[in-house]
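Numbering (this note's numbering), first residue to last: 1 to 240.
Glycine included, every Cβ here is placed at the ideal spot set by N, Cα and C.
This report concerns only the one structure given below.
Shown next as structure tokens:
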């Protein structure tokens, strides 16, 4: 590899281009990806490829966050979980296609029987209210009670209107937000504590962090049909 690097450096000094062969390009790309991954913290949250169901009696949210274990009896079909989620609850959206920080890529909040309020992300058009069934494309949605009660909903809706289509900004706190800090802003408008902590390793407000906040309560999870099939197969395989 050293001669290739030397050749590339010499070419750069001479303002010329060096074309790498296909095998070398593939190797260089793979090496760069490995280097970048090695520089990143470990992914956070459950691993959907190894997700299992365990008895609920001794289960804690850390079992999901750290060991990819869901409590038996609290895993519903995805559409049913979205329907049953209380107004004001947080919805942690997870997918097999994980982001760099883990499979729980997004965070939103149910604000009516058929709508959620969220900051969509870097490539979105700003904070928005979207159909609840937009979450049906996800593989797993965690429903979390962050303390919102019916008497808080008016304040939350006023804050949603006030913030309007606030733009995306990683870790933004005032007039631009990411998906986690936007939900913290809605919490504060209702006089409630932040629901999403800042992860010290990623220095960001990660969606799965809601599982580590003592004032939050995990209610149940909604799983896609394919994830339910995988969970059933793993359960059958582990039964003597």
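ask   = Which same chain residues, not among the five before or five after residue 36, have their C-beta less than 6 Å away from its C-beta?
value = Within the chain shown, numbered from 1, the residue matching residue 36 stands at position 36. Because the pLDDT of residue 36 is 41, which lies under 50, any placement of that residue in the model is unreliable, and the question is left without a value.
query = If residue 140 sits next to residue 94, beta carbons under 8 Å apart, how far is it from one beta carbon to the other, in whole angstroms?
reply = In the chain shown, the residue the question calls residue 140 occupies position 140. In the chain shown, the residue the question calls residue 94 occupies position 94. 4 Å between Cβ atoms; contact.
ask   = Does the beta-carbon distance from residue 179 to residue 91 come in below 8 Å?
value = The count along the chain shown starts at 1 and reaches residue 179 at position 179. The count along the chain shown starts at 1 and reaches residue 91 at position 91. Contact check for residue 179 against residue 91 fails: the beta carbons are separated by 8 Å or more.
key: Distance between residue 118 and residue 241 (C-alpha atoms, nearest Å)   = Residue 241 cannot be examined here, being either before or after the span of the chain that is shown, 1 to 240.
ask   = Starting from residue 112 and walking both ways along the beta strand (DSSP E), at which residues does that stretch end?
value = Along the chain shown, read from residue 1 onward, the residue named residue 112 stands at position 112. DSSP places residue 112 in the uninterrupted beta strand (DSSP E) bounded by 102 to 112.
ask   = Helix or strand or just coil, what does DSSP make of residue 74?
value = One-based indexing of the chain shown puts residue 74 at position 74. Correct three-state label for residue 74: coil.
task = Could you please give the first and the last residue of the uninterrupted alpha helix (DSSP H) stretch that includes residue 180?
result = For the purposes of this step, residue 180 is taken as the residue at position 180 of the chain shown. Unbroken alpha helix (DSSP H) run through residue 180: 179 to 189.
Residue 151 vs residue 185 beta-carbon contact at 8 Å = For this step, residue 151 is matched to residue 151 along the chain shown. For this step, residue 185 is matched to residue 185 along the chain shown. Not in contact: residue 151 and residue 185 (Cβ atoms no closer than 8 Å).
message = Within a Cβ cutoff of 7 Å, which residues of the same chain sit near residue 136, ignoring the five residues on either side of it in sequence?
response = As a first step, residue 136 is located in the chain shown; it is residue number 136 there, counting from the start. Cβ-Cβ distances below 7 Å link residue 136 to 78, 79 in the same chain, with the five nearest sequence neighbours on each side left out; the list follows chain order.
query = By DSSP, does residue 145 sit in helix, in strand, or in coil?
reply = By 1-based counting over the chain shown, the position of residue 145 is 145. Residue 145 falls in the strand class under three-state DSSP.
task = Indicate whether the contact test is met: 3 or more Cβ pairs, each with one atom in the region 64 to 77 and one in the region 211 to 226, closer than 8 Å.
result = With a cut-off of 8 Å on Cβ pairs, the region 64 to 77 is in contact with the region 211 to 226, counting three or more such pairs.
key: Cβ-Cβ distance between residue 168 and residue 121 below 8 Å   = The sequence position of residue 168 within the chain shown is 168, counting from 1. The sequence position of residue 121 within the chain shown is 121, counting from 1. For the pair residue 168 and residue 121, the CB atoms are nearer than the 8 Å cut-off.
task = Measure the Cβ-Cβ separation of residue 172 and residue 104 and say whether it is below 8 Å.
result = Here residue 172 refers to the residue found at position 172 of the chain shown. Here residue 104 refers to the residue found at position 104 of the chain shown. In this structure, residue 172 sits away from residue 104, with a CB-CB distance that is not shorter than 8 Å.
request  = Using three-state DSSP, classify residue 116 as helix, strand or coil.
outcome  = Stepping through the chain shown from its first residue, residue 116 is reached at position 116. Looking at residue 116 - three-state DSSP - the assignment turns out to be strand.
message = Between which two residues does the alpha helix (DSSP H) holding residue 153 run?
response = As a working mapping, residue 153 is identified with position 153 in the chain shown. Its alpha helix (DSSP H) spans residues 153 to 163.
message = Starting from residue 130, trace the beta strand (DSSP E) in both directions and tell me its first and last residue.
response = What you label residue 130 is simply residue 130 of the chain shown in a count that begins at 1. First-last of the beta strand (DSSP E) with residue 130: 128 to 131.
Per-residue DSSP class, three states only, for residue 223 = As a position in the chain shown, residue 223 is number 223, starting the count at 1. For residue 223, the three-state secondary structure derived from DSSP is strand.
request  = Determine which residues share a DSSP beta bridge with residue 168 and list them.
outcome  = Mapped onto the chain shown, residue 168 falls at position 168. Its beta-bridge partners are 177.
message = For the alpha helix (DSSP H) containing residue 252, name the first residue and the last one.
response = What the structure shows of the chain is the stretch from 1 to 240, and residue 252 is not part of that stretch, so it cannot be assessed.
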